[in-house]
Amino acid sequence: MASTTRNTIRTDRKTQEQEKERVRLAAPSRRRWRWLAAGALLIACGGAAGAWASLHGEQRVPVATAVSDLPAGHVLTAEDVRVVPMAGAESLDLVDARDGAVGKPLAVPLRANTPIAEAALGGAAFPGEGEAVVAAEVAPGVLPGAAVEGASVAAIITDTPTEAASPSAPPDEEGAEGEQGTAPPPGRSIEARVHAIDAAEAGQGRAPVVVEVVVAAEDAEALARAAGAEQLRFAVVPSGGGR
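Right, dumping it as structure tokens:
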């Protein structure tokens, strides 16, 4: 009986020691999980805070945009301009109100929905001081296909007419003599910028094309004479190579 009691006491003590060991081992494990959970929560909160700061850091500012495709030289009206909010544009030199664009001519062509930059606007008067606009009716092939509105071109005066008609029919002697008498000397190149191209005429077989170019005022007469004598060709040059 006494032996049985001693065995029971030993068993109880052993069981208690094992239970204490399990509790001692389990406590750090629970603490580790709590720290891991807290760390994950901090990471999630940090990511959310960063996203919030990023979204609120990009301030939206009003920007004037073109409602439709507009050619160079077009004087903007209220119907041509739409003001929209845009993020990240506060450091750009863009027009921020309709009043800042209406009534001003475009120095370059604009595509629909393009933001209107201050540099894209000309002065209140068009053409500008010291400039002139010259219209020329040219034969197919005289104006390169790359010569779009706003492109810089070189207007080259040639020594022979560039008409598309057959040369078999002799011109009127008096008219031809008068034209050649007013034509400028060949070989001269005049810097110009394409202002407008008659889209109604362009691309219709062998029909002539009417092109308007902006040139320096002192070059306008020579260019007009060359166009009248059909002694004119155009070449597209890099931006800045023309007016």
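First residue of the sequence shown? That's 1 in UniProt numbering, and the numbers climb one at a time after it. From the three backbone atoms N, C-alpha and C, an ideal C-beta is built for every residue, glycine too. This structure is a prediction, so every number in the text was calculated from the model and none was measured.
Enclosing alpha helix (DSSP H) for residue i [first to last residue]
i: ARG225; result: 220–228
Selection from the options that minimises the alpha carbon distance to residue i
i: ASP99; options: LEU121, ALA135, GLU90; result: LEU121
i: ALA117; options: VAL138, PRO62, ALA135; result: PRO62
i: ILE190; options: PRO208, ILE156, GLY73, ALA146; result: ILE156
i: GLU218; options: PRO85, ARG233, VAL133; result: VAL133
Buried/exposed call for residue i, threshold 16 Cβ in 10 Å
i: LEU92; result: exposed
i: GLN59; result: exposed
i: GLY73; result: buried
i: ALA119; result: exposed
i: GLU90; result: exposed
i: GLU131; result: buried
Residue range of the unbroken beta strand (DSSP E) whose run includes residue i
i: VAL134; result: 131–138
i: residue 250; result: Shown here, the chain extends from 1 to 243; a query on residue 250 therefore has no answer.
i: ALA196; result: 189–197
i: ARG82; result: 81–87
i: GLU212; result: 209–216
8 Å Cβ cutoff, residue i in contact with chain C
i: ARG188; result: This model lacks chain C altogether; it includes just one protein chain.
For residue i, the residue or residues it bridges with in DSSP
i: ALA155; result: ILE190, PHE234
i: ARG117; result: It should be noted that the sequence gives Ala, not Arg, for residue 117. The partner list for ALA117 (beta bridge, DSSP) reads LEU94.
i: VAL75; result: PRO105
i: LEU70; result: LEU110
Answer yes if the region 104–115 comes into contact with the region 141–155, meaning at least three C-beta pairs across the two stretches below 8 Å, and no otherwise.
-> The region 141–155 vs the region 104–115: in contact.
If you pair each beta-carbon of the region 210–225 with each one of the region 78–90, do three or more pairs fall below 8 Å?
-> no
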